[in-house]
Amino acid sequence: MKPFQPVEIEKHWGEVWEKEKTFKVDLKTAKNPYYNLMMFPYPSGEGLHVGHVYAFGGADTFGHFMKMKGHDVFEPMGFDSFGIHSENYAIKVGKHPKKLIEETTKYFKEEQLQKLGALFDWDHSVTTSDTQYYRWTQWIFVQLFKAGLAVRKKAAVDWCPSCKTVLADEQVVAGKCERCGTSVIQKELEQWFFKITDYAQKLLDNLETIDWSETTKTMQKNWIGRSQGAEINFPVSGSEDYIKIFTTRADTVFGATFMVIAPEHPILDQIVSKDYKEKVSRYISEAKNKSEVERTAQKSGIFTGAYAVNPFNKKKIPIYTADYVLGSYGTGAIMAVPAHDQRDYEFAKKYDLAIVEVISGGVLNKKAWEGDGVLVNSGEFNGLGVEEAKKKLSEYIEENKIGSKTVNFHLRDWLISRQRYWGPPIPMIYCKNCASQDLSWFTREEAKGKLKDQGKREACNSQMSGWYPVVESELPVVLPELEDYQPKGAGVSPLSTVPEFLSVKCPSCGEEAKRETDVSDTFLDSAWYFLRYPSVGQDSETASPFNQSLSKKWLPPDMYIGGNEHAVLHLLYSRFITMALHDLGYLDFEEPYKKFRAHALITYKGAKMSKSRGNVVNPNEYLTSYGADTLKMYLLFIGPYDQGGDFSDRAIAGMFRFLQRVWTLTMEIKESSAVEGPEIKKQLHKLIKEVGEDLDQLKFNTSIAHLMEFINFAYKNKSGLSLDTLKYFVVVLAPFAPFLSEELWHELGEKGSVHLQAWPKFEPSLVEETRVSVVVQVNGKYRDKIEVEKDLSEEEVGRLVLDREKIKSYTDGKHIEKTIYVKNRLFNLVVS
Ligand code: ANZ
Ligand code: ZN
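Residue numbers (this note's numbering): 2 to 833.
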């Protein structure tokens, strides 16, 4: 008998499919488009990880299935090759990132990804560090700038002193740099931001319109953090000034016994009394060097010497400044209600401040009462419940002009600037000459908002600030190849050391100007790659990165599968970019991912695989011993796709043995002339139904279990296993084991590719369950479960039940008063 040699088989069919373009979809003429998207990898130096094989393997199995169901499946793959990950690795191994990326992408593609038997369309691939790609990343920046969505502002940003760059929120984990573990500090820098906050409400509202899991939606919601409340003005005692606070608990205002303002609050300087100036300024300079996480974790503060008046009970209350109030949220000031806010409570205990209960229900000697209750010590509002009081007090505040109702979002604008080398240069030019011009043709106020004429407004935006976008026809701004590309230090980018790069003529006045030397955040590269795939290679026809007819036909993707770790920022950023491009008229949809499903992680020895733990499983050795089919099926069999599981050597051998059995069985049956038996026919139709239903929901592990059950059954019933039945099995196996199934298909005498077969239909009458399991209870308690013929009468089931040894032990010597039967499900005995 011919032996099963997976590696040879895989090599052979890989070449045949490539040559015959078996998986190729003509994007222009395809009739039934289905865009199956998965998150593209960053081409790390280590090569593909088994986690990738798991992620892509599952997504691609689904793609194969959709193809067999009659869709023209477009399944592109690319590389997220710009960014700090690649750059840090390049620095570590001492190789230029450009060179490194050339090598790693080639290796990923040719040695690994192309060996998986996936539907990947390499003619529509993107590599984000290619000029053909980042030309358009820069183009997007320019469009956002023109629309007023890319702005420059000074902001306190998280800074990693070791990586020497600003960090995105996601790159800061518990106050430390995610890449190198150094404590992050805060720095004031002028940076480019995308105004994602303009879209906060839409990012929230649109969640209702898309098919994502509730967990992912909740993560987005929490990140956006909509918070409804009120702003209240507290007069500063003995002055004309007011401090505006933001609260979500207007109901507790009578319990505000002190105020806290952020150390960077602009009013601080005005109100600090003379004797306190020195201490306060020392405190502030310390606060500035801490990260947000550190600031909120420890409650330290200092009295300013000033007092405010609680506008409701007219009591004089001290004003503190403290770390835990953030300058960047709300109004940067709070009314502190120690009785009902734990942070305020701890602060009050530490500095011996009054704690006044205003919501009944708690005991306040150990901690704040943050729960529900009715108002006390609150004058005319006493007796109201919390929710009602919030409403009444907010109304009172508005009517008496003490403040107003407001909504705040925790979402911050997207910090785009990176003082690093390995990214797309931000395509902007700064002209000092223009910046100093007197704008006599209109006032700044007019310029800012009132100008209707889009063109004039753009020109004005630039003239006011001196910043101009690079003319679109001159894109890309090519990243120069630098020998010394290492990070330089606070606010200094490697590109600023290159005079030829820096020097440029102003696009408006023609004087000597300077290029922006920061590059953009790598999250921008990956925020739009999926929009680009269908249009790859179409640039001659288009003034945007999107070919109109192809985009209309293929976008947005029908399915997006990726890791949970990207369920917040990557998804949020691409949603924002898509919305902005929609509003600018470049796309006709607002939401990028109609359907998103997260897969889980494969662990090893119970822990997340990571280099530092030394428990990363390299797929190569398995690819060359067992082959891709076994490795992929094994990974998908470990557990539910959204729960993952633990990798094990022994279990992968088990999957290999299963495929070997399929092989052996085929070789035996191939020669036989058995006719199909009725029982095996039933099993086959059940298999088709169950696998089809499971694949629709990405339930790969249970699908594979069904395949195994069928093969077990077939072994035992070989006499009824016909050639045709086995062919059907091979077709159902195809999405999971593309290589083996193709080989078997041909062994069974078929021509053409198994992957061009339609997904088989099952006969409904054959898959109806004929046996059901009935739960047996005695006096309402679960005691047993029995399998019986479907639709048996109560009498017949009763006889079977009473025959069971287990049940006898409960009924012996007892009187059966009555029985209750819920057909096909439950049998209850009432005994006494
Ligand atoms: C009084 C109060 C009483 C509060 C109470 C809470 C409980 P979210 O839900 O996150 O919006 N706060 C407001 N601005 C802040 C800032 N810049 N830094 C730190 N804390 C700030 O939280 C809103 C609540 O967080 C606000 O409501 C305010 O404290 C605090 F029993 O006001 B609250
Ligand atoms: Zn100029």
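For each residue, glycine too, the CB sits at the ideal point set by N, CA and C.
Is it buried or exposed, residue i, if we count other Cβ atoms within 10 angstroms and call 16 or more buried?
i	result
T844	The structure shown has nothing for residue 844, since the chain only spans 2 to 833.
L681	The question names Leu, but residue 681 in the sequence shown is Ile. With 16 or more Cβ atoms within 10 Å of its Cβ, I681 is classed as buried.
S673	exposed
W415	buried
T625	exposed
A369	buried
V94	exposed
D850	Missing from the structure shown is residue 850; the chain here goes from 2 to 833 and no further.
N311	buried
Looking at C-alpha atoms only, which residue of the options is the closest neighbour of residue i?
i	options	result
H266	T23, A288 and V254	A288
A156	I186, T128 and L190	L190
E512	C432, G538, C181 and N565	C432
R614	K606, T249 and F57	K606
Q172	V618, L551, S228 and G84	G84
V51	D725, E710 and I653	I653
V251	F259, L269, E232 and I268	Contrary to the premise, residue 251 reads as Ala rather than Val in this sequence. Comparing Cα-Cα distances from A251 to each of F259, L269, E232 and I268, the minimum goes to E232.
A738	H411, H571 and D61	D61
M2	G721, P339, E790 and L666	L666
S723	P761, Y811, N290 and A675	A675
Y43	P98, D27 and L394	P98
M67	K807, V692 and H707	V692
A514	A436, I670 and L637	A436
W137	P426, K683 and E112	P426
K203	W160, E591 and G467	E591
G59	L117, K20 and V26	L117
V377	I360, K367, E389 and P236	I360
I225	E484, V493, F577 and E381	F577
N401	A257, V478, N234 and G646	N234
Between which two residues does the beta strand (DSSP E) holding residue i run?
i	result
L827	L827 to V832
D785	K782 to E790
G564	M560 to G564
I244	Y243 to T248
R227	R227 to P236
C161	A151 to C161
E818	I817 to V823
Q187	I186 to F195
R772	R772 to V779
K12	Per DSSP, K12 belongs to no beta strand (DSSP E); it is in the alpha helix (DSSP H), P7 to E21.
P470	W468 to P470
Near residue i, what residues of its chain come up, given a Cβ to Cβ distance below 8 Å and the 5 sequence neighbours on each side ignored?
i	result
T23	V17, S754, H756 and L757
F63	N37, M560, I562, L696, L699 and P736
Y587	Q144, S545 and F547
H686	F763, E764, L767 and V768
I430	W468, Y469, P470, V471, V505, C507, P508, A514, K515, R516 and E517
Under DSSP, the alpha helix (DSSP H) around residue i begins and ends at which residues?
i	result
F142	T132 to K147
I102	P98 to K107
M69	V51 to M69
E1	The displayed coordinates of the chain run from 2 to 833. Any statement about residue 1 would go beyond what the structure contains.
L803	E795 to D804
Y90	I85 to V94
I272	L269 to I272
P765	P765 to V768
M709	F701 to K717
Quick one: what's got a C-beta closer than 7 Å to residue i's C-beta in the same chain, skipping five residues either side?
i	result
K595	I211, D212, P557 and D559
N616	Y605, K606, A608 and M610
S833	K815, H816 and E818
G331	F247 and N409
N718	G678, E680 and I681
Q271	D242
K196	L150, V152 and D414
K791	E770, T771, R772, V773 and N825
K20	none
Y822	E795, V798 and F828
Might you give, ordered along the chain, the residues of its own chain that have their beta carbon closer than 6 Å to the beta carbon of residue i, omitting 5 neighbours on each side?
i	result
A323	V261 and G302
| Where in the stretch 634-683 do unbroken runs of the alpha helix (DSSP H), each at least 4 residues long, occur, reported from the N-terminal end onward? | The alpha helix (DSSP H) runs of length 4 or more contained entirely in the stretch 634-683 are, from start to end of the chain, 650-671.
| said: Threshold first: 4 residues or longer. Then list the alpha helix (DSSP H) segments lying entirely within the stretch 583-626, N to C. | reply: Listed in chain order, the complete alpha helix (DSSP H) runs (minimum 4 residues) inside the stretch 583-626 are 621-626.
| said: Which runs of the beta strand (DSSP E) at least 3 residues long sit entirely within the stretch 343-401? Give them in chain order. | reply: The qualifying runs do not exist here; there are none.
| Beta carbon nearer than 5 Å to a non-hydrogen atom of the ligand FAD | Of the ligands this structure carries, namely the ligand ANZ and the ligand ZN, none is the ligand FAD.
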